[in-house]
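One structure below.
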Amino acid sequence: MLRAAGVGVGDEVIVPAFGNVEVAEAVILAGALPVFADIDPVTYCLDVSGVEAAITPRTAAVVVVHRFGRPADMGTLIEVGQRRGLLVLQHRESEAPYDEIAQRRQRAAFLDLKLRGVRTPDDGDGHTYQQYVVRVPGNGRPDRDAFARALRARGVDCRVPVKAPVHRMPAFRCCVSLPATESAVDETLALPVDASLTKRDMQRIVSACNSLGGLLQPAF
9 MLRAAGVGVG DEVIVPAFGN VEVAEAVILA GALPVFADID PVTYCLDVSG VEAAITPRTA
69 AVVVVHRFGR PADMGTLIEV GQRRGLLVLQ HRESEAPYDE IAQRRQRAAF LDLKLRGVRT
129 PDDGDGHTYQ QYVVRVPGNG RPDRDAFARA LRARGVDCRV PVKAPVHRMP AFRCCVSLPA
189 TESAVDETLA LPVDASLTKR DMQRIVSACN SLGGLLQPAF
């Protein structure tokens, strides 16, 4: 899509550094330079003000990634693109059937109501909960990695969704300040909300999380 739009050598393309290294790789393959902008700490998608701050005279496009089933603020980002003369492309995660999405939302609502040991995600408009991502802030206790190990020991199949920001990977390392991205990498944890989970499974997740924390407030 970048090549078809004429993006190439000498151009810059704004992308997120939170996950999806293949987006930055696609920019390189088109001959352009990826420029990393920070994310919104609630949606985990590109932050509008971060995008505007990253625009230079060489900027040709912005690639917006919808994260964890939570849509980005496309209306505002498209408006910025139109105002600044930039191509705005979208990269969507794989879509699930509607009945599966409905079941994920049901399980997510249960976790929203019951969890006390983590900061729950913002539901937002159109959230499909491809992943149910909570925050476990650091500063000593609780610690995300220790929290995850303890959950796994209790039989909860949790995982770290993004292990390293793209702008810290050797192939793309650059000196740029992305505080929301780096905090999200350090603090996020995906809890299971698969359609196959039973009510007992969901209760076990809640019991395990709540027994380990309980000091954090849900949602931002």
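So in our numbering, spot 26 of the sequence shown is number 34, and the numbers just go up one at a time. Cβ coordinates follow ideal geometry from the N, Cα and C atoms, glycine included.
- Query: Along the chain, where does the alpha helix (DSSP H) that runs through T196 open and close?
  - Reply: Here the question's residue 196 lines up with position 188 in the sequence shown. Not the alpha helix (DSSP H): T196 falls in the beta strand (DSSP E), residues T196 to L199.
- Using DSSP with H/G/I as helix, E/B as strand and the rest coil, what is Q98? On the sequence shown, position 90 is the one that residue 98 refers to. Strand at Q98.
- Item | 4 or more residues per run - each alpha helix (DSSP H) lying fully within the region 160-199 | Within the region 160-199, the complete alpha helix (DSSP H) runs of at least 4 residues are 187-195.
- Query: Straight-line CA distance for V72 to L37?
  - Reply: What you label residue 72 is simply residue 64 of the sequence shown in a count that begins at 1. What you label residue 37 is simply residue 29 of the sequence shown in a count that begins at 1. So the alpha carbons of these two residues sit roughly 18 Å apart.
- Item | Through-space distance from G125 to L223, alpha-carbon basis | Walking along the sequence shown from the start, residue 223 turns up at place 215. Walking along the sequence shown from the start, residue 125 turns up at place 117. With a pLDDT of only 43 at L223, under 50, the local geometry of the prediction cannot be trusted, and no value is derived from it.
- Buried or exposed by the 16-neighbour rule on C-beta atoms within 10 Å, applied to Y8: Lying outside 9 to 228, the shown extent of the chain, residue 8 is not represented and no answer is given.
- C-beta atoms of Q189 and F26 nearer than 7 Å: Mapped onto the sequence shown, residue 189 falls at position 181. Mapped onto the sequence shown, residue 26 falls at position 18. Residue 189 is actually Thr in this sequence, not Gln. Yes, the pair counts as a contact, with Cβ atoms nearer than the cut-off.
- For the putative contact between T196 and V141, defined by C-beta atoms under 8 Å, what is the C-beta separation to the nearest angstrom? Mapped onto the sequence shown, residue 196 falls at position 188. Mapped onto the sequence shown, residue 141 falls at position 133. Yes, they are in contact, since the Cβ atoms of T196 and V141 sit about 5 Å apart, within 8 Å.
- If I213 and L97 are in contact, beta carbons under 8 Å, what's the gap, nearest whole angstrom? In the sequence shown, residue 213 corresponds to position 205, counting from 1. In the sequence shown, residue 97 corresponds to position 89, counting from 1. The Cβ separation is near 36 Å, so there is no contact.
- Rounded separation between V144 and G58 - CA only: Stepping through the sequence shown from its first residue, residue 144 is reached at position 136. Stepping through the sequence shown from its first residue, residue 58 is reached at position 50. If you take the alpha carbons of V144 and G58, they lie about 24 Å apart.
- Query: N28: which of A12, E60, A61 and P173 sits nearest, CA to CA?
  - Reply: Residue mapping note: residue 28 aligns to position 20 of the sequence shown, counting from 1. Closest by C-alpha distance to N28, out of A12, E60, A61 and P173, is P173.
- Task: Give every residue of the same chain whose Cβ lies closer than 6 Å to the Cβ of L159, excluding the five residues on either side of it in the sequence, and list them in chain order.
- Result: Translated into positions along the sequence shown, residue 159 becomes position 151. So the qualifying residues of the chain are C166 and A216.
- Rounded C-alpha distance that separates P187 from A161: Your numbering for residue 187 matches position 179 in the sequence shown. Your numbering for residue 161 matches position 153 in the sequence shown. Cα-Cα distance, rounded: 31 Å.
- Task: Would you mind stating whether A13 and C53 have Cβ atoms separated by less than 7 Å?
- Result: On the sequence shown, residue 13 is found 5 positions in, with the first residue counted as 1. On the sequence shown, residue 53 is found 45 positions in, with the first residue counted as 1. In this structure, C53 does not lie closer than 7 Å to A13 by Cβ.
- Under 7 Å between the Cβ atoms of I22 and V70? Residue numbering aside, residue 22 sits at position 14 when the sequence shown is read from its first letter. Residue numbering aside, residue 70 sits at position 62 when the sequence shown is read from its first letter. Contact flag set, yes.
- Message: For a quick check, are the C-beta atoms of V15 and A68 less than 7 Å apart?
- Response: Here the question's residue 15 lines up with position 7 in the sequence shown. Here the question's residue 68 lines up with position 60 in the sequence shown. It is a contact, given that the beta carbons lie within the stated cut-off.
- Could you please give me the residues that DSSP links to R127 through a beta bridge? Within the sequence shown, residue 127 is the residue found at index 119, counting from 1. R143, per the DSSP bridge assignment.
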